[in-house]
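Beneath this line is the structure, given in structure tokens, with notes to follow.
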Amino acid sequence: MKKAAIFLALIFTVLVSNAQSKLIPTNLDIGNALKQALEQGTGKSSDRLSAVDGFFGNAAIKILFPPEAQKAEKTLRALGFNKLCDDVILSLNRAAEGAAKEAKPIFINAIKQMTLQDVSNILLGKQDAATEYFKRTTTVQLSAKFKPVVQVSLDQAGATRYYTNAATTFNKIPFVRKINPDISDYVTQKAIDGLFVEIAKEELNIRQNLSARTTPLMKKVFSFADGFKK
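Count the sequence shown with mature numbering (1 follows the signal peptide of the UniProt record, and there is no 0) and you get residues -19 to -1, 1 to 211, in order.
Rendered as structure tokens:
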């Protein structure tokens, strides 16, 4: 009888140990799950923004005239140059959409460079911890990669010509403060800002919605993190 009790106790211990090992993710599980989540989030964001109207059709990130040129836009519209102003805005957003296509490889490289500490900080950190990580590690590369693409896209979309025409037209008005006709730096920064806005949305979605965790490993690891935070 005593032997049977000991045997049952051993079986129970083994079963509990196995169950816990299946529920508790390893460091490798955590790293791989987070990489899956980040690749999913950045990939979706890049794809969405690089599509036609990715910027232009999104009110939260739509690129408008630079703040210093908004008075000029208002003046030009008052003088009947509505189409010129509309053409500028459309072409600025088309340029950003063209640049967004270049983002994926940069994010993938940043994901590969993550340390175990980065993984832990992101998984158990704030709702935008991953977005902040990407801002910290990719902004310089994004800017360097986006700038020439933005310039080409600006030229192809007619933005350079449209904005230069708008700036030149405005600068001809007597007694106004002149505006800089160079728009590429502004569009580059707005394209990067818009990308991070979308990545933050994807990050929040994965953290809050079970259905957004599209792999078994993501479900396991993020569910574990949910319980750890409670």
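From the three backbone atoms N, C-alpha and C, an ideal C-beta is built for every residue, glycine too.
Notebook entry, point to check: What are the boundary residues of the alpha helix (DSSP H) that includes ARG158?
Noted result: Careful: ARG158 lies outside any alpha helix (DSSP H) and carries neither H nor E.
Next item on the list: Could you tell me the distance, in whole angstroms, from the CA atom of ASP67 to the CA atom of LYS126?
Entry: 27 angstroms
Checklist line | Run of the alpha helix (DSSP H) containing ALA50, from where it starts to where it stops | finding: From DSSP, ALA50 is part of no alpha helix (DSSP H); its letter is neither H nor E.
Check: Could you check where the alpha helix (DSSP H) with LEU19 kicks off and where it finishes?
Finding: 8 to 31
Check: Is the number of C-beta pairs between the region 68 to 86 and the region 169 to 185 that are closer than 8 angstroms three or more?
Finding: yes
Note to self: Just verifying my parser: in three-state terms, what is the DSSP assignment at GLN94?
What the structure shows: coil
Check: Is DSSP giving ASP109 helix, strand or coil here?
Finding: Coil.
Item checked: Three-state secondary structure assigned by DSSP to ILE5 -> coil
Next item on the list: State the Cα-Cα distance for the pair ILE42 and VAL178, rounded to the nearest angstrom.
Entry: Looking at the two C-alpha atoms, the distance is approximately 8 angstroms.
Notebook entry, point to check: Can you list the alpha helix (DSSP H) stretches of 4 or more residues lying completely in the region 122 to 185, in chain order?
Noted result: 140 to 152
Notebook entry, point to check: Do GLY35 and GLU78 have their CB atoms nearer than 7 angstroms?
Noted result: Note that the C-beta distance between GLY35 and GLU78 is below 7 angstroms.
Check: For PHE151, is the classification buried or exposed, using 16 other Cβ atoms within 10 angstroms of its Cβ as the cut-off for buried?
Finding: buried
Check: Considering SER192, what are the terminal residues of the alpha helix (DSSP H) in which it resides?
Finding: Segment: none, SER192 is in no alpha helix (DSSP H) and carries neither H nor E.
Check: How big is the Cα-Cα spacing for GLN137 and ARG194?
Finding: Rounded to whole angstroms, GLN137 to ARG194 spans 38 angstroms at the Cα level.
Next item on the list: Look at the Cβ atom of VAL131, then the Cβ atom of LEU73, and state whether they are nearer than 7 angstroms.
Entry: no
Next item on the list: Rank LEU65, ILE70 and GLN122 by C-alpha distance to the C-alpha of ALA91 and give the top, closest one.
Entry: GLN122
Check: What is the C-beta distance between ILE89 and GLU184, in whole angstroms, given that I count them as a contact (C-beta under 8 angstroms)?
Finding: No, ILE89 and GLU184 are not in contact; Cβ-Cβ is about 16 angstroms, not under 8 angstroms.
Next item on the list: Along the alpha helix (DSSP H) that carries ASN63, what are the first and last residues, could you check?
Entry: 63 to 81
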